[in-house]
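In the numbering used here, the protein residues as written are -2 to 200.
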């Protein structure tokens, strides 16, 4: 399902009407859709769904409101300890990620960003994990960052935070540390970490 995070708000485009109390807009016109989206940038916590019963492509209309930024990131496991590499940014736990440069593949983008933001070397990609999307204001314009995530591993443990990117520190977290980080991170990061942990449980 296509979903986009707006801070703590979440916008969904389901095939069927949600049954969990999600606030659902059925067949909204473009003006209404845009107004609801604008409200999502305000602080708050809500789950909103846009549902089409006429075949109209609401996701396409929604996407037309935004500038789209391709990005890549990694969830790195240290072998053999099983610890997970996480960064501290904006006072919260986060994962290394960043914009894709011209000519890069998703994999090249993700590997470069992890190396640059954490100083970690000897990285290899295990498998793709998923894609997260979050909306934000970029130079006064609405934008969505589409981040392709990859499971990675390394046997090296040297780190060096990229402070010019606002990274306060880099740490290898054990299972307990990751569980605590899940309660002190951004919603899209929590989602992709939970997806990763379901695929690759920690020791």
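All C-beta atoms in this analysis are idealised placements derived from N, C-alpha and C, irrespective of residue type, glycine included. All values derive from a computational prediction rather than experimental measurement.
Item, Value
"Top-ranked residue by Cα proximity to residue 19, from 9, 69, 190, 193", "9"
"Cβ neighbours of residue 144 in the same chain (closer than 6 Å, five flanking residues each side left out)", "68, 70, 94, 129"
"Residue burial classification, residue 96 (beta-carbon count within 10 angstroms, cutoff 16)", "exposed"
"Which listed residue (99, 4, 48) has its alpha carbon closest to that of residue 24", "48"
"Nonlocal neighbours in the same chain, by C-beta distance under 7 Å from residue 152, ignoring five residues either side", "76, 119"
"Where the alpha helix (DSSP H) through residue 211 begins and ends", "The question about residue 211 has no answer here: the residues shown for the chain are numbered -2 through 200."
"Through-space distance from residue 27 to residue 87, alpha-carbon basis", "34 Å"
"Cutoff 8 Å; reference residue 0; Cβ partners in own chain excluding five residues on either side", "7, 8, 9, 10, 130"
"Segment contact flag, the region 146 to 165 with the region 111 to 125, C-beta cutoff 8 Å, min 3 pairs", "yes"
"Residue 111 versus residue 51 - alpha carbon distance", "43 Å"
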